[in-house]
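S.K.: The structure under discussion is supplied below as structure tokens; questions concerning it will follow.
Residue numbers (our numbering): 14 to 145.
This is how it looks when you write it as structure tokens:
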């Protein structure tokens, strides 16, 4: 896990629990606008290690201007959703219901349900800045 995030891992899993609970979802990554990995959680943590890839910053840079994207591969798909603060990546199998993933991402991005001032991923990234 990224240093400084061990105390917030449980809270972040709670924030993303609806997305992670969708059948076929394998994991979530959150990147800042400058391509830094801010959070990751995988159902099977040994299947993929994004921290070992040094090209994420360039990849996130190329996403500038998109609202959402879906990359479909032979066995898996990568759903990418832009937020004001960064990008949410959802890794799922091809059998995962894409409309449910989209709906839950939209709910997450639209704001929080407890009436707080922070909306979308800014709730998480604000905590990241405070801890970092």
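Glycine included, C-beta positions come from ideal geometry on N, C-alpha and C.
#1: In the DSSP assignment, what residue or residues form a beta bridge with residue 81?
#2: Provide the residue(s) that pair with residue 55 in DSSP beta bridges, ordered along the chain.
#3: Output needed for residue 29: all residues of its chain with C-beta closer than 8 Å, excluding positions within five of it in sequence on either side, in chain order.
#4: In three-state terms, what does DSSP make of residue 99?
#5: Rounded to the nearest angstrom, what separates residue 32 and residue 92 at their Cα positions?
M.R.: Well, looking at it:
#1: Numbered from its first residue, the chain shown carries residue 81 at position 68. DSSP output for residue 81 lists 94 as bridge partner(s).
#2: Taking the chain shown and counting its residues from 1, the one referred to as residue 55 is at position 42. According to DSSP, which records beta bridges pairwise, residue 55 is partnered with 40.
#3: As a working note, residue 29 is residue 16 in the chain shown. Excluding residues within five positions, the ones whose Cβ falls inside 8 Å are 41, 54 and 121.
#4: Walking along the chain shown from the start, residue 99 turns up at place 86. DSSP places residue 99 in strand when its eight states are reduced to three.
#5: Residue 32 sits at position 19 when you count from the first residue of the chain shown. Residue 92 sits at position 79 when you count from the first residue of the chain shown. Rounded to the nearest angstrom, the two C-alpha atoms are 12 Å apart.
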